[in-house]
Amino acid sequence: MFNSLRSRLWLTYALIVLMVVAVVMFALIITLRESPLLYRQAINELEITTELWARRLEPLADLQSDRFLLAFSDETGDTTIQAAIVDKEGSFLTSTIPDNDSVLRNMTTQIDLQNSMTTETDQFQDTQGNDWFYRVRALDDTYILLTAVAKPIFSFSTIVKDEFMGPVMQASLIVIVFAFFISLIISNWIALPLKQMSQSAKALSEGDLIEIPLKGPREVRRLANTFNLMSKKITASSRSQREFIANVSHEFKTPLTSIQGFAQAILDGTVKSKKEVDKAASVILIETNRLHRLMMDLLMLVRLEAGTANMQQEEISIRDLLGNMMDKFSLQAEQQGVTLSMGQISNGIVLGDGDRLAQVFSNLIDNALKYTGVNGKVEISAKIEENSILICVKDSGIGISKSEREKIFERFYQIDASRKYGKKKGFGLGLSIAREIIQSHHGTIWVESSPDEGSAFYVKLPITMNKN
Ligand code: ADP
32 MFNSLRSRLW LTYALIVLMV VAVVMFALII TLRESPLLYR QAINELEITT
82 ELWARRLEPL ADLQSDRFLL AFSDETGDTT IQAAIVDKEG SFLTSTIPDN
132 DSVLRNMTTQ IDLQNSMTTE TDQFQDTQGN DWFYRVRALD DTYILLTAVA
182 KPIFSFSTIV KDEFMGPVMQ ASLIVIVFAF FISLIISNWI ALPLKQMSQS
232 AKALSEGDLI EIPLKGPREV RRLANTFNLM SKKITASSRS QREFIANVSH
282 EFKTPLTSIQ GFAQAILDGT VKSKKEVDKA ASVILIETNR LHRLMMDLLM
332 LVRLEAGTAN MQQEEISIRD LLGNMMDKFS LQAEQQGVTL SMGQISNGIV
382 LGDGDRLAQV FSNLIDNALK YTGVNGKVEI SAKIEENSIL ICVKDSGIGI
432 SKSEREKIFE RFYQIDASRK YGKKKGFGLG LSIAREIIQS HHGTIWVESS
482 PDEGSAFYVK LPITMNKN
């Protein structure tokens, strides 16, 4: 029944209202029971009646005792107030109900009549434990008028029934109706963004991105914001997954078509001579190698991204690592007519995987040589900066425009597929693999470049030791 946010809110408000009403009512009843408010009426009646009788009896006090007492009986007629005449010595002379005046007689013996005359209405408890209000009033030098009325008893249920039930019920009803409208407004305020979130989630599952407006209370706004971020990430990730699959298929298609074509030609005898067969076989070998390289790169990238690349943790001297790079690439540089040199090399020890780091610098130097023309220069340097080492591979090649600088680190991104590639045609995966490797070493990689002036690739890695 109370499944919706609105009904639950309403129920909460109604319960709170009823609880508050109950507590207030209870407190009021307790206060009223203890307060003289409800007794004032009885006291008033006692005071007025006593004064009235006293005024009428005072002129008669001079009469003979028998006649005065008779006059007293006449004056004090049918009333809830009991009265008695007592003389100055405290002797009980008569009362309004002579057959049942034990309480008044008791009172006469127990209270100090002389002193009570000056006081206000007082209280007396009879032998049965009942409370009485009484007054003592002197009529003349002989007679004293004693009046008493039973203290009214207000039971809990009487007060609730007579005083509270009606107004409290009405007030509660009004407040509960109000609570209904307030819960309606508040539930809309909370539930509307949640409804939009569920619509957006549904749209997301169908591939659409709907941004939720940041409305409602702070927690709901925060949830909506997180939801928007998550939606964007999911959309970006599924887009990049689609692109990735499209790129991989594209990269596989060309070599596979080539291999298929040449294999078919050998089979159906289109290529016959040994020279032609050798040529077809060598194309098949080149394309298979290319596919193998692509497979290895993809595997590496996937493992790096998934964090399952099994990185070694060994101490690597950057100077030794870059020295090895020089040895590896000096011949290639010479063949290309490019001057490969070492600039200032500070030595730092990096904790990480030597083979993976070597792969990064191989890729950077290989690219630098690839994109630098004859008579160009490639320089490798390294310097310590606080707790890091900054390695730079700088070339005087074709450079990279500003708009391309970030994109080249994306998977399969190649600036211009028709540019000069050197011997090996790349896949646009080298720099994304390099970035993953550097990031898994808690480092950063970036490029600074101007078209036609050259590029400088920087790698910053944290060092465990400064070996200078
Ligand atoms: P590829 O295998 O195509 O070289 P990379 O990820 O290593 O892939 O590089 C991505 C793109 O960045 C390259 O296609 C190239 O256009 C550009 N690039 C990389 N290094 C350089 C450089 N030193 N100078 C100019 N362009 C470069």
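Here the sequence shown is numbered in this note's numbering, starting from 32 and rising by one per residue.
We put the beta carbon where it would ideally sit given N, CA and C, even for glycine.
Could you check how far apart the C-beta atoms of residue i and residue j are, in whole angstroms? I think they sit under 8 Å.
i	j	result
residue 199	residue 56	6 Å
residue 103	residue 92	No, residue 103 and residue 92 are not in contact; Cβ-Cβ is about 10 Å, not under 8 Å.
residue 216	residue 248	Not quite, the Cβ-Cβ distance comes to about 13 Å (not below 8 Å), so this is no contact.
residue 462	residue 439	5 Å
residue 502	residue 213	No answer is possible for residue 502: it lies beyond the span of the chain, which begins at 32 and ends at 499.
residue 114	residue 133	Contact flag wrong, Cβ pair sits at about 15 Å.
residue 360	residue 396	5 Å
Have a look at the options and flag the residue whose alpha-carbon is nearest the alpha-carbon of residue i.
i	options	result
residue 83	62, 39, 166 and 348	166
residue 347	383, 169 and 218	383
residue 226	245, 210, 238 and 237	245
residue 485	462, 472, 426 and 439	426
residue 420	475, 405, 406 and 329	475
residue 496	379, 132 and 125	379
residue 188	241, 61 and 376	61
residue 407	371, 470, 492 and 240	371
residue 201	48, 340 and 90	48
residue 433	399, 483, 422 and 423	483
residue 73	86, 112 and 37	112
residue 353	336, 365, 391 and 323	391
residue 326	218, 115, 458 and 422	458
residue 231	444, 254, 488 and 366	254
residue 471	336, 294 and 53	336
residue 117	356, 175 and 203	175
residue 399	488, 192, 311 and 413	488
residue 209	414, 137 and 43	43
residue 555	184, 311 and 54	Not covered by the structure: residue 555. The range shown for the chain is 32 to 499.
residue 376	414, 328, 401 and 361	414
residue 456	108, 250, 317 and 218	317
residue 123	139, 106, 108 and 53	139
residue 89	131, 129, 170 and 152	170
Residue i to residue j, Cα distance in whole Å?
i	j	result
residue 77	residue 181	10 Å
residue 453	residue 283	Reliability fails at residue 453, whose pLDDT of 48 lies under 50, so the model's placement of it is uncertain and no value is given.
residue 71	residue 39	47 Å
residue 173	residue 94	11 Å
residue 79	residue 177	13 Å
residue 373	residue 411	5 Å
residue 300	residue 275	38 Å
residue 465	residue 224	42 Å
residue 68	residue 119	34 Å
residue 186	residue 58	15 Å
residue 314	residue 279	21 Å
residue 154	residue 196	31 Å
residue 303	residue 269	48 Å
residue 86	residue 190	36 Å
residue 363	residue 369	9 Å
residue 469	residue 211	60 Å
residue 460	residue 258	32 Å
Which of the three DSSP states is assigned to residue i in this structure?
i	result
residue 410	strand
residue 385	helix
residue 340	coil
residue 482	coil
residue 113	strand
residue 240	coil
residue 358	helix
residue 92	coil
residue 397	helix
residue 292	helix
residue 44	helix
residue 443	coil
residue 263	helix
residue 120	coil
residue 108	coil
residue 371	strand
residue 494	coil
residue 428	coil
residue 156	strand
residue 178	strand
Just to confirm my understanding: we take residue i, look at its own chain, exclude 5 residues before and 5 after, and list those with CB closer than 6 Å. What are they?
i	result
residue 446	435
residue 35	none
residue 262	235 and 240
residue 340	334
Note down, in chain order, each residue of its chain lying with its Cβ closer than 7 Å to the Cβ of residue i, except the 5 sequence neighbours on either side.
i	result
residue 491	419, 421, 474 and 475
residue 311	293, 296, 297 and 302
Please work out which residues of its chain come closer than 8 Å, Cβ to Cβ, to residue i, disregarding the five sequence neighbours upstream and downstream, and give them in chain order.
i	result
residue 137	157 and 158
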